[in-house]
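Novice:
Number of protein chains: 2
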Amino acid sequence: MPKSVVPPEMKPEVDAIVEAIVYLYTESRRLTKEVASRHGLTGPQLTVVKMLETLGELSLSRLSEKIRAQNSTVTGIVDRMEREGLVARARSTVDRRVVQITLTRRGHELAREVKVEPIQIFREALVGLSRDDAKDLLRILTKLANRVRQMVDDTQTREEP
Amino acid sequence: MPKSVVPPEMKPEVDAIVEAIVYLYTESRRLTKEVASRHGLTGPQLTVVKMLETLGELSLSRLSEKIRAQNSTVTGIVDRMEREGLVARARSTVDRRVVQITLTRRGHELAREVKVEPIQIFREALVGLSRDDAKDLLRILTKLANRVRQMVDDTQTREEP
DNA sequence: GGTAGTTGTTTCGCACACGAAAGTTTCAGC
DNA sequence: GCTGAAACTTTCGTGTGCGAAACAACTACC
Numbered sequence: 001m002p003k004s005v006v007p008p009e010m011k012p013e014v015d016a017i018v019e020a021i022v023y024l025y026t027e028s029r030r031l032t033k034e035v036a037s038r039h040g041l042t043g044p045q046l047t048v049v050k051m052l053e054t055l056g057e058l059s060l061s062r063l064s065e066k067i068r069a070q071n072s073t074v075t076g077i078v079d080r081m082e083r084e085g086l087v088a089r090a091r092s093t094v095d096r097r098v099v100q101i102t103l104t105r106r107g108h109e110l111a112r113e114v115k116v117e118p119i120q121i122f123r124e125a126l127v128g129l130s131r132d133d134a135k136d137l138l139r140i141l142t143k144l145a146n147r148v149r150q151m152v153d154d155t156q157t158r159e160e161p
Numbered sequence: 001m002p003k004s005v006v007p008p009e010m011k012p013e014v015d016a017i018v019e020a021i022v023y024l025y026t027e028s029r030r031l032t033k034e035v036a037s038r039h040g041l042t043g044p045q046l047t048v049v050k051m052l053e054t055l056g057e058l059s060l061s062r063l064s065e066k067i068r069a070q071n072s073t074v075t076g077i078v079d080r081m082e083r084e085g086l087v088a089r090a091r092s093t094v095d096r097r098v099v100q101i102t103l104t105r106r107g108h109e110l111a112r113e114v115k116v117e118p119i120q121i122f123r124e125a126l127v128g129l130s131r132d133d134a135k136d137l138l139r140i141l142t143k144l145a146n147r148v149r150q151m152v153d154d155t156q157t158r159e160e161p
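Here is the structure:
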């Protein structure tokens, strides 16, 4: 297993890039949480409310994909939101394995009430970049994400047997 | 409070950038967790072990800063690691409020055993980028992070009273 | 030298977050 | 029509992760 070596002179740059990504991500979570708490919601709950407002009824699995969490996690989030009267569960009549999640009237009201999506602050920050910078950033990040994806796939297939 | 508006034609790009950042961050966490579990550790525990190996004895507060978590969170992590015999607590003799965390012999062994830092896969992915791309990425991400930092500061000072 | 405020840590209560296992329902193939 | 595999959801156990409050030790200031 040949292991490529990172040129030592690039190490500080690499660490700085990783640090910037971590900062941007954690700050995004913190902001979501802050906006949510003003309306008596938690971060993930606000994400769910906005997702259901945008996309309408969703199965639990579909909702899990959308918010990038495991089903078992979302079950808990939906449990608490159901208890608060924000969403309702309904067994699908077409496929009775499926549970559809919908916003209640109160859930809709809350969704309307919270106008600013937390991602907004990133949109504004990104707009402050020049058009060229934004394009470069997307191009490079995409390349980077694809390379990581590739590596992860390799690792996993290599370890399967 | 003038609110800048995101040009609609940039929305897809912005969302793609955010998505890439989220992907890179979550994948990084998943990889850490995976590497850690091969040695009977959790993700944060591996992070702590490597941090203490690199920096030596650290106070709980300093350790919290380093791994970007609250003191109350790290107290729990250290509790479990202490129970497993990986780290030890020791009251500072200089300032008796301070608790110093150190690796035990077993902790050191584990640190030596786990050679690959999870961040490594990013280093390798980044090396695959051209030098120019890496420099551009760092430059733009830094600019972006600073702009977000600025916005967050503004929000907080505006809301203080 | 006493006290008021600060700093450092822990405790508590709650909400994720995940994987494994269990419980339903559906579907494919015979 | 039966059966085993697959799809969907929940349950369970454990480990973060955070904020508020409690607690202990230190420092400033008078």
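Residue numbers (my numbering), protein chains in the order written: chain L, 1 to 161; chain H, 1 to 161. Just so it is clear, CB atoms sit at the ideal spot from N, CA and C, and this is done for glycine as well.
Where do the N-terminal and C-terminal ends of the beta strand (DSSP E) with H/V87 fall, by residue?
Specialist: Along the second sequence, read from residue 1 onward, the residue named residue 87 of chain H stands at position 87. Segment 87 to 91, the beta strand (DSSP E) holding H/V87.
Novice: Note down the Cα distance separating H/V99 from H/R131, rounded to an integer number of angstroms.
Specialist: Taking the first residue of the second sequence as 1, we reach residue 99 of chain H at position 99. Taking the first residue of the second sequence as 1, we reach residue 131 of chain H at position 131. Each residue's alpha carbon lies about 43 Å from the other.
Novice: Taking the alpha-carbon positions, what's the H/R29 to H/G43 distance?
Specialist: By one-based count along the second sequence, residue 29 of chain H stands at place 29. By one-based count along the second sequence, residue 43 of chain H stands at place 43. Taking the straight line joining both Cα atoms gives about 7 Å.
Novice: Let's see if you can read the secondary structure: which residues bound the beta strand (DSSP E) around H/Q100?
Specialist: Here residue 100 of chain H refers to the residue found at position 100 when the second sequence is read from its first residue. H/Q100 -> beta strand (DSSP E) spans 99 to 103.
Novice: Could you tell me how far apart the beta carbons of L/V18 and H/I119 are, in whole angstroms, since I believe they sit closer than 8 Å?
Specialist: Counted from its first residue, the first sequence places residue 18 of chain L at position 18. Counted from its first residue, the second sequence places residue 119 of chain H at position 119. Contact holds; Cβ gap of about 6 Å.
Novice: Can you tell me whether H/S64 is buried or exposed, with buried defined as 16 or more other CB within 10 angstroms of its CB?
Specialist: As a position in the second sequence, residue 64 of chain H is number 64, starting the count at 1. Under this definition H/S64 is a buried residue.
Novice: For the alpha helix (DSSP H) containing H/G43, list its first residue and its last residue.
Specialist: Here residue 43 of chain H refers to the residue found at position 43 when the second sequence is read from its first residue. Its alpha helix (DSSP H) spans residues 43 to 55.
Novice: As a quick exercise: from H/L138, H/A90, H/E27, H/T75, pick the residue whose alpha carbon is nearest that of H/Q45.
Specialist: Start at 1 with the first residue of the second sequence, and residue 45 of chain H comes out as number 45. Ranking H/L138, H/A90, H/E27, H/T75 by Cα distance to H/Q45 puts H/T75 first.
Novice: Does any residue of chain H bring its CB to less than 8 Å from the CB of L/T47?
Specialist: Position 47 of the first sequence, counted from the first residue, corresponds to residue 47 of chain L. False, the Cβ-Cβ gap to chain H never drops below 8 Å.
Novice: Any idea what DSSP makes of H/S4, helix, strand or coil?
Specialist: Indexing the second sequence from 1 puts residue 4 of chain H at position 4. At H/S4, the pLDDT of 44 sits below 50, so the modelled position is not reliable and the matter cannot be decided from this model.
Novice: Could you tell me if L/G56 is buried or exposed, where buried requires 16 or more neighbouring beta carbons within 10 angstroms of its beta carbon?
Specialist: If you number the first sequence from 1, residue 56 of chain L lands on position 56. Burial call: exposed.
Novice: For the segment 70 to 91 of chain H, which residues have a beta carbon sitting closer than 7 Å to at least one beta carbon of chain L?
Specialist: Those residues of the segment 70 to 91 of chain H that come within reach of chain L (Cβ to Cβ, closer than 7 Å) do not exist; the list is empty.
Novice: Given a threshold of 16 other Cβ atoms within 10 Å of its Cβ, counted over all protein chains shown, does H/R123 qualify as buried or as exposed?
Specialist: Numbered from 1 along the second sequence, position 123 holds the residue referred to as residue 123 of chain H. H/R123 comes out buried.
Novice: For L/V49 versus L/L41, is the C-beta spacing smaller than 8 Å?
Specialist: Position 49 of the first sequence, counting from 1, holds the residue named residue 49 of chain L. Position 41 of the first sequence, counting from 1, holds the residue named residue 41 of chain L. For L/V49 and L/L41, yes; Cβs fall inside 8 Å.
Novice: Check whether the Cβ of H/G128 lies closer than 8 Å to any Cβ atom in chain L.
Specialist: Taking the second sequence and counting its residues from 1, one reaches residue 128 of chain H at position 128. At least one chain L Cβ lies under 8 Å of H/G128.
Novice: Please confirm if H/V114 has its CB atom under 8 Å from at least one CB of chain L.
Specialist: Here residue 114 of chain H is taken as the residue at index 114 of the second sequence, counted from 1. Closer than 8 Å: no.
Novice: So, using beta-carbon positions, are L/I21 and H/L24 closer together than 8 Å?
Specialist: The residue given as residue 21 of chain L occupies position 21 in the first sequence. The residue given as residue 24 of chain H occupies position 24 in the second sequence. Result yes, Cβ atoms of L/I21 and H/L24 sit closer than 8 Å.
Novice: Is the separation between the beta-carbon of L/V78 and that of L/R89 shorter than 8 Å?
Specialist: Translated into the one-based positions of the first sequence, residue 78 of chain L becomes position 78. Translated into the one-based positions of the first sequence, residue 89 of chain L becomes position 89. Yes, they are a contact pair.
Novice: Which word fits L/T32, buried or exposed, when buried means at least 16 other C-beta atoms lie within 10 angstroms of its C-beta?
Specialist: Against the first sequence, residue 32 of chain L aligns to sequence position 32. Buried, since its Cβ has 16 or more Cβ neighbours within 10 Å.
Novice: Which residues of chain H have a Cβ atom closer than 8 Å to the Cβ of L/M151, listed in chain order?
Specialist: Within the first sequence, the letter at position 151 stands for residue 151 of chain L. I121, E124, A125, listed in chain order.
Novice: Rounded to whole angstroms, what's the CA-CA distance from L/S61 to L/E84? Just pull it up for me.
Specialist: The residue you call residue 61 of chain L lines up with position 61 of the first sequence. The residue you call residue 84 of chain L lines up with position 84 of the first sequence. Cα-Cα distance, rounded: 21 Å.
Novice: Could you tell me if H/V14 is buried or exposed, where buried requires 16 or more neighbouring beta carbons within 10 angstroms of its beta carbon?
Specialist: Residue mapping note: residue 14 of chain H aligns to position 14 of the second sequence, counting from 1. Under this definition H/V14 is a buried residue.
Novice: Who are the neighbours of H/A20 on chain L, taking C-beta pairs under 7 Å?
Specialist: Walking along the second sequence from the start, residue 20 of chain H turns up at place 20. Those are L141, T142, A145, listed as they occur along chain L.
Novice: Starting from the C-beta of H/E82, find all residues in its chain whose C-beta is less than 8 Å away, skip the five residues before and the five after it, and write them out in chain order.
Specialist: By 1-based counting over the second sequence, the position of residue 82 of chain H is 82. So the qualifying residues of the chain are A88, R89.
Novice: Whole angstroms are fine: how far does the CA of H/G107 sit from the CA of H/R147?
Specialist: Locating residue 147 of chain H in the second sequence gives position 147, counting from the first residue. Locating residue 107 of chain H in the second sequence gives position 107, counting from the first residue. Each residue's Cα considered, the two are about 40 Å apart.
Novice: In angstroms with no decimal places, state the Cα-to-Cα distance between L/E113 and L/L141.
Specialist: Here the question's residue 113 of chain L lines up with position 113 in the first sequence. Here the question's residue 141 of chain L lines up with position 141 in the first sequence. Answer to the nearest angstrom: the Cα atoms are 34 Å apart.
Novice: Can you pull the chain L residues whose beta carbon is under 8 Å from the beta carbon of H/R68, in chain order?
Specialist: Position 68 of the second sequence, counted from the first residue, corresponds to residue 68 of chain H. What H/R68 touches in chain L: V22, T26.
Novice: Within 10 angstroms of the Cβ of H/A145, are there 16 or more other Cβ atoms? Answer buried if so, exposed if not.
Specialist: Along the second sequence, one-based indexing puts residue 145 of chain H at 145. Buried: at least 16 other Cβ atoms inside 10 Å.
Novice: Does DSSP put H/R130 in a helix, a strand or coil?
Specialist: On the second sequence, residue 130 of chain H is found 130 positions in, with the first residue counted as 1. Note that residue 130 of chain H is Ser in the sequence shown, not Arg. Of the three classes helix, strand and coil, the one that applies to H/S130 here is coil, per DSSP.
Novice: Which residues in chain H have a C-beta closer than 7 Å to the C-beta of L/V99? List them in chain order.
Specialist: Translated into the one-based positions of the first sequence, residue 99 of chain L becomes position 99. The contacting residues do not exist; L/V99 stays about 25 Å from chain H at best.
Novice: Under 9 Å Cβ-Cβ, which residues of chain L neighbour H/V14?
Specialist: Residue mapping note: residue 14 of chain H aligns to position 14 of the second sequence, counting from 1. Result: I119, F122, R123, L126, V127, A134, L138.
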